[in-house]
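Going down the list, the sequences are from chains A, B, C, D, E and F.
The working numbering runs 2 ahead of the 1-based position in the first sequence.
The working numbering runs 2 ahead of the 1-based position in the second sequence.
The working numbering runs 2 ahead of the 1-based position in the third sequence.
The working numbering runs 2 ahead of the 1-based position in the fourth sequence.
The working numbering runs 2 ahead of the 1-based position in the fifth sequence.
The working numbering runs 2 ahead of the 1-based position in the sixth sequence.
Scroll down for the structure; my scribbles are underneath it.
There are 6 protein chains.
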Amino acid sequence: MSTGLIEYADASPEVRAVYDDIMATRKADWINNFWKTLANDPVTLRRTWESLKAVMAPGALDALTKELIYLAVSATNQCRYCMASHTASARKKGMTDEMLGELMAVIGMANQTNALAAGYQVEVDEQFKLTC
Amino acid sequence: MSTGLIEYADASPEVRAVYDDIMATRKADWINNFWKTLANDPVTLRRTWESLKAVMAPGALDALTKELIYLAVSATNQCRYCMASHTASARKKGMTDEMLGELMAVIGMANQTNALAAGYQVEVDEQFKLTC
Amino acid sequence: MSTGLIEYADASPEVRAVYDDIMATRKADWINNFWKTLANDPVTLRRTWESLKAVMAPGALDALTKELIYLAVSATNQCRYCMASHTASARKKGMTDEMLGELMAVIGMANQTNALAAGYQVEVDEQFKLTC
Amino acid sequence: MSTGLIEYADASPEVRAVYDDIMATRKADWINNFWKTLANDPVTLRRTWESLKAVMAPGALDALTKELIYLAVSATNQCRYCMASHTASARKKGMTDEMLGELMAVIGMANQTNALAAGYQVEVDEQFKLTC
Amino acid sequence: MSTGLIEYADASPEVRAVYDDIMATRKADWINNFWKTLANDPVTLRRTWESLKAVMAPGALDALTKELIYLAVSATNQCRYCMASHTASARKKGMTDEMLGELMAVIGMANQTNALAAGYQVEVDEQFKLTC
Amino acid sequence: MSTGLIEYADASPEVRAVYDDIMATRKADWINNFWKTLANDPVTLRRTWESLKAVMAPGALDALTKELIYLAVSATNQCRYCMASHTASARKKGMTDEMLGELMAVIGMANQTNALAAGYQVEVDEQFKLTC
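Below, the structure written as structure tokens:
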């Protein structure tokens with residue numbers, strides 16, 4: 003690993019405050035490796051957590067839909083850690099096997115047509131330039 | 003462009019059949035550049051359309067959610083054509099400005115944390131290896 | 003643009019030497035924007051050209067196959083410039099419409115299954131670890 | 003892993019039919035983790051296999067060339083699973099060490115010049131816009 | 003475009019406050035399209051600007067070095083907009099032609115070796131696992 | 003792995019010469035897996051090493067800054083091997099924990115805004131087209 007994991011027991015009050023908020027928000031009793039690594043830089047830990055908490059809260063889109071979007075990005079980026087972590091989150095928020103299958107099928111097709119559009123150098127239609 | 007656009011008027015019966023199905027399914031009266039370019043290879047045109055139609059049909063996930071997932075992949079891949087085309091589709095299926103804003107915020111955060119996870123070489127937690 | 007294009011007429015002898023070699027090797031009578039931009043850094047221009055010339059020369063793989071591989075990478079990376087430039091090269095080296103269609107279909111499928119493998123977090127089989 | 007592996011012994015007749023076709027087509031006596039995972043969604047399993055089989059069959063491009071293209075995409079996407087799986091396929095279809103070396107050299111150069119073209123914001127030459 | 007540009011004259015007090023801060027921080031007298039588009043979602047506009055301002059401020063790394071890092075990411079992602087915008091920022095912060103050339107050369111090499119490492123499926127050395 | 007590791011003891015004089023130069027330049031007494039794998043193709047080994055050595059040498063940008071740029075690319079590409087290898091190099095060249103934290107924060111933000119720019123389909127401002 004690049005930097006050590008900051009365990010709750012060894013964390014400063016500042017970091018513990020973030021850990022507490024993560025566990026309270028996620029209804030979990032443990033902190034994962036991503037946050038424990040980010041904790042080496044407490045300012046970035048706080049900012050990243052605060053942003054994520056705000057962004058993932060239910061709004062016009064519900065919490066589960068937001069996790070599915072997160073998985074779509076993570077699979078596309080081949081982010082191994084994020085796929086593991088957010089698949090767990092999505093399951094906790096209600097993702098069924100059926101939803102997972104449909105999600106993956108869309109992710110696969112989107113990556114396929116993205117590459118086809120680039121490969122064939124398709125020009126953006128005029129009609130799309132009017133859509134706001 | 004790499005290959006010419008096959009206009010409806012110049013299309014073979016095989017290609018027109020696919021065009022007709024696209025327009026009927028999407029309730030549109032025109033064919034976009036992506037399909038008109040793919041039509042240079044009628045076999046791939048048909049297979050891609052049939053797959054996309056099946057994958058994007060509402061199921062455990064509704065049609066709009068699937069478009070949002072498509073946008074998440076396309077933004078991450080920097081696919082200019084697909085962003086234009088699928089933003090239009092998402093709007094047609096009911097995406098409001100509020101939903102667009104929340105979608106983008108999630109896409110942005112996901113791309114950020116994906117890079118942080120890679121940069122910090124975060125190892126997958128044991129707890130995540132048990133999630134099916 | 004980020005840096006100016008160095009036209010042949012304005013180029014130093016060092017840069018002209020590279021331009022001459024590019025045109026001779028590619029049997030062309032003009033220099034494209036990529037090389038004319040790279041020429042702002044003559045050392046990088048020379049190193050990049052020399053490497054590309056060596057790498058793209060026919061060997062165990064013929065020149066056309068190498069262009070197809072180049073297109074596969076460029077489409078996947080959504081590199082607009084490279085798709086335009088290398089599609090032209092591939093055509094010059096004998097790529098037919100039929101080959102282009104098959105190439106694109108493979109690129110599309112590969113991008114799809116890459117994303118599926120990541121999304122489903124598929125573990126590498128033991129059998130594959132023995133393949134050298 | 004995200005979903006369980008569906009072993010042949012536990013598979014439904016529908017899934018076994020696909021497994022049998024994979025083994026027959028690939029002249030193999032086992033099913034890899036990618037297909038065993040996709041089998042959790044039999045519809046996607048079938049569609050993905052049918053598409054892949056059609057796309058990878060020899061045509062204007064031979065089967066080995068298609069595997070090389072697949073590797074170019076997979077390396078570019080950093081798809082660990084796909085590199086392992088398709089390197090094995092390429093070997094089976096005749097890829098020698100010499101071909102592998104040349105393939106990798108092209109993949110490396112293409113990823114390099116793709117990034118240079120983006121970094122230098124190179125504009126597509128007019129001459130390339132005429133290539134069909 | 004996907005959403006309209008919110009011009010200063012038409013902006014709400016909340017958005018104008020962010021615009022003012024951007025111009026003050028960057029010593030500029032205009033707002034670019036990225037911020038004017040993000041302004042359609044004032045909460046995201048503020049959060050993104052506040053994060054960026056904090057992250058890009060000189061610290062252990064000076065402001066110019068941070069812009070070079072930003073360009074490295076943007077070129078790798080093929081982000082056309084970000085390359086244009088941040089190249090301008092880097093110039094303002096002192097990037098010379100010589101620095102630009104060296105930056106691009108590193109970006110090119112890194113993208114090349116990243117692809118080679120993936121293509122050759124290189125395993126992480128034990129020695130690297132001890133580096134913190 | 004895809005190809006075997008060529009250990010120093012088993013290497014040809016040609017490969018040993020490159021190994022010796024790597025160790026001398028990097029002040030190290032061992033060769034990592036990346037070079038030992040590339041050594042299966044001695045021509046590519048030499049060319050890649052020579053290019054990397056030239057590109058990473060201090061110039062207008064110092065050696066550490068170049069490593070930070072390398073990390074920015076590698077994290078963005080999710081290149082696990084390169085992150086491990088170049089984080090070690092950066093540490094050797096003087097990267098402190100503070101620098102690492104700031105580097106990661108910039109990489110994270112850049113990946114975020116790159117995706118936002120693509121998602122919102124932001125058009126390049128005219129003012130940026132004048133920057134050279």
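Ideal placement from N, C-alpha and C gives every residue a C-beta, glycine not left out.
Q: Output the distance between the C-alpha atoms of A62 of chain C and E100 of chain D, rounded to the nearest integer angstrom.
A: 6 Å
Q | Limits of the unbroken alpha helix (DSSP H) element including P60 of chain D | A | Looking at the DSSP string, P60 of chain D is not in any alpha helix (DSSP H), and its letter there is neither H nor E.
(Q) In whole angstroms, give me the CA-to-CA distance for I33 of chain C and G121 of chain A. (A) Approximately 23 Å, taken between the alpha carbons.
(Q) Taking its Cβ as the centre, do 16 or more other Cβ atoms sit within 10 Å of G110 of chain D, making it buried, or is it exposed? (A) Classified as buried, G110 of chain D has 16 or more neighbouring CB atoms from the shown chains inside 10 Å of its CB.
(Q) So, for T133 of chain B: in the same chain, excluding its five sequence neighbours on each side, which residues have a beta-carbon less than 6 Å away from its beta-carbon? (A) Residue confidence is low: T133 of chain B scores 48 on pLDDT, short of 50, so the model does not pin down where it sits. No coordinate-derived value is stated.
Q. Is DSSP giving N113 of chain A helix, strand or coil here?
A. helix
Q.
Give me the residue from D:A74, D:S53, D:L47, D:M58 with the minimum Cα distance to G103 of chain A.
A. D:L47
Q | Neighbouring residues, chain B, relative to L118 of chain F (Cβ below 9 Å) | A | A77, M106, A107, I109, G110, N113
**Q.** The alpha helix (DSSP H) enclosing T39 of chain E, as first and last residue numbers
**A.** 35 to 40
Q. Among B:M25, B:A65, B:E9, B:C81, which residue has its Cα nearest to the Cα of L118 of chain F?
A. B:C81
(Q) Using a 10 Å radius around the Cβ and a threshold of 16 neighbouring Cβ atoms, would you call D43 of chain E buried or exposed? (A) buried
Q: Have a look at M106 of chain F and A74 of chain F and give me their C-alpha separation to the nearest angstrom.
A: 8 Å
Q | Y122 of chain C: contacting residues in chain A (beta-carbon distance under 7 Å) | A | M106
Q: With K94 of chain A as the anchor, note down where its alpha helix (DSSP H) starts and where it stops.
A: 82 to 94
Q: Classify T98 of chain B as helix, strand or coil using the three-state DSSP reduction.
A: coil
Q. Can you tell which of D:E125, D:A90, D:C84, D:T89 has the C-alpha that lies nearest to the C-alpha of N116 of chain C?
A. D:C84
Q. How about Q114 of chain E and N113 of chain D: do their beta carbons lie closer than 8 Å?
A. yes
Q: Please list the partners that G96 of chain C has in chain B, where partner means a Cβ-to-Cβ separation under 9 Å.
A: Those within 9 Å of G96 of chain C in chain B number zero; the least Cβ separation is about 16 Å.
Q: Could you pull out every residue in the same chain whose Cβ sits closer than 7 Å to the Cβ of T27 of chain F, ignoring the five residues on either side in sequence?
A: Excluding sequence neighbours, T27 of chain F sits near K55.
Q: Report buried or exposed for A92 of chain C, applying the criterion of at least 16 other Cβ atoms within 10 angstroms of its Cβ.
A: buried
Q.
Buried or exposed for S53 of chain F, going by 16 or more other Cβ atoms inside 10 Å?
A. buried
Q: Can you have a look at S4 of chain E and say buried or exposed, based on whether 16 or more other CB atoms are within 10 angstroms of its CB?
A: Because S4 of chain E carries a pLDDT of 45, less than 50, the predicted location of this residue cannot be relied on, and no value is offered for it.
Q) What's the gap between the Cα of A41 of chain D and the Cα of V17 of chain B? A) 32 Å
Q: Measure from the alpha carbon of M97 of chain A to the alpha carbon of each residue in A:I8, A:L66, A:D127, then state which is nearest.
A: A:L66
(Q) I want to see whether chain F comes within less than 8 Å of M3 of chain E, judged by CB atoms only; does it? (A) Any answer about M3 of chain E is weak, because its pLDDT of 36 lies below 50 and its placement is not dependable; what the coordinates show is given next. Output row for M3 of chain E: interface = yes.
Q.
Within 10 Å of its beta-carbon, does S14 of chain B have 16 or more other beta-carbons around it, so buried, or fewer, so exposed?
A. exposed
Q) Smallest Cα separation from L70 of chain F: which of F:W51, F:D22, F:K95, F:A30? A) F:K95
(Q) Cβ closer than 8 Å: which chain A residues qualify as neighbours of I24 of chain B? (A) Those do not exist, as I24 of chain B stays about 13 Å from chain A at its closest Cβ, beyond 8 Å.
Q) What does D127 of chain D reach in chain C if we use C-beta pairs closer than 7 Å? A) N34, N35
**Q.** Within chain D, partners of R48 of chain B - CB distance below 7 Å
**A.** Under the 7 Å cutoff, chain D gives no residues; its nearest Cβ is about 11 Å from R48 of chain B.
Q: Could you tell me if A11 of chain C is buried or exposed, where buried requires 16 or more neighbouring beta carbons within 10 angstroms of its beta carbon?
A: A11 of chain C comes out exposed.
Q: In the DSSP assignment, find the alpha helix (DSSP H) that holds Y122 of chain A and state where it starts and stops.
A: Unbroken run through Y122 of chain A: none, as it is neither H nor E.
Q | Proximity test, Cβ basis, 8 Å: S53 of chain D and chain B | A | S53 of chain D belongs to the set of residues whose beta carbon lies under 8 Å from a beta carbon in chain B.
(Q) I want to see whether chain E comes within less than 8 Å of G6 of chain F, judged by CB atoms only; does it? (A) no
Q: Mark A59 of chain F as exposed unless 16 or more other C-beta atoms lie within 10 angstroms of its C-beta, in which case mark it buried.
A: By the neighbour-count criterion, in which a residue is buried when 16 or more other Cβ atoms sit within 10 angstroms of its Cβ, A59 of chain F is exposed.
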